[in-house]
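Please read the structure below before turning to the comments.
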Amino acid sequence: MTTESTTEGTTEGTTVRFDTKIAVLLREDLEPWQRLNVTAFLVSGLGSALPEVIGEPYADADGTAYLPMFRQPVLVFQGPKETLTTAHGRALSRSLPLSVFTSDLFATGNDQDNRAAVRSTPRAQLDLVGLAVYGPRNAVDKVLKGARMHP
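The opening residue of the sequence shown carries number 204 in my numbering; numbering runs sequentially from there.
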């Protein structure tokens with residue numbers, strides 16, 4: 204991690220600029236509950252596969268322990284279906300860690316069925332409603348070109 208002057212986060216008065224970025228891209232036509240659900244599922248994939256994105260456990264002043272969370276902000280973007288398809292291809296071409304959520308997953312009720320739904324669909328035919336990507340800041344910015352910050 205390098206320290207530079209930005210507005211991303213502070214550590215004892217020092218502003219921290221992360222060399223990497225965690226980003227979620229959602230299809231803009233999702234219902235509010237779907238946006239939240241998809242985001243939670245997508246980032247769980249990054250956290251479980253990439254231990255470097257997870258910080259240290261938390262504890263309050265009484266010593267109550269809490270689970271660790273991401274060590275950096277998660278930025279959430281939105282865009283039309285075409286933006287997701289393009290971003291998906293860009294992430295794959297850059298070999299960035301990627302999780303996906305397709306529209307089929309709204310009709311399934313468990314992990315096994317979720318994985319079967321994705322596996323049954325060729326990559327070019329995935330009906331993406333969301334994706335999460337992690338990597339060097341500039342590479343993630345290029346993947347997300349054309350998307351806009353979620354309101």
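Glycine included, every Cβ here is placed at the ideal spot set by N, Cα and C.
Cα separation between residue i and residue j?
i: D307; j: Q281; result: 19 Å
i: R230; j: E285; result: 9 Å
i: L233; j: M352; result: 15 Å
i: A319; j: A264; result: 45 Å
i: L239; j: F221; result: 25 Å
i: S323; j: V219; result: 42 Å
i: I225; j: D344; result: 10 Å
i: L287; j: Y261; result: 34 Å
i: W236; j: F309; result: 11 Å
i: G292; j: R326; result: 9 Å
i: D314; j: N341; result: 32 Å
i: F273; j: A252; result: 12 Å
i: P283; j: P354; result: 14 Å
i: Y269; j: V279; result: 24 Å
Does the distance from the C-beta atom of residue i to that of residue j stay below 8 Å?
i: V303; j: V227; result: no
i: T305; j: L329; result: yes
i: E255; j: P271; result: no
i: P339; j: T267; result: no
i: V241; j: V332; result: yes
Can you give the beta carbon distance from residue i to residue j, rounded, assuming they're within the 8 Å contact cut?
i: A290; j: A350; result: 7 Å
i: L249; j: P300; result: 6 Å
i: R297; j: V346; result: 7 Å
Take the Cβ of residue i as the centre, count every other Cβ of all protein chains shown within 10 Å, and call the residue buried at 16 or more, exposed below.
i: Y337; result: buried
i: Q275; result: buried
i: K348; result: exposed
i: A294; result: buried
Contained beta strand (DSSP E) runs [length at least 3] in the segment 318 to 349, N- to C-terminal order
331 to 339
Unbroken stretches of the alpha helix (DSSP H), 4 residues or longer, contained in the segment 214 to 297:
235 to 252, 284 to 296
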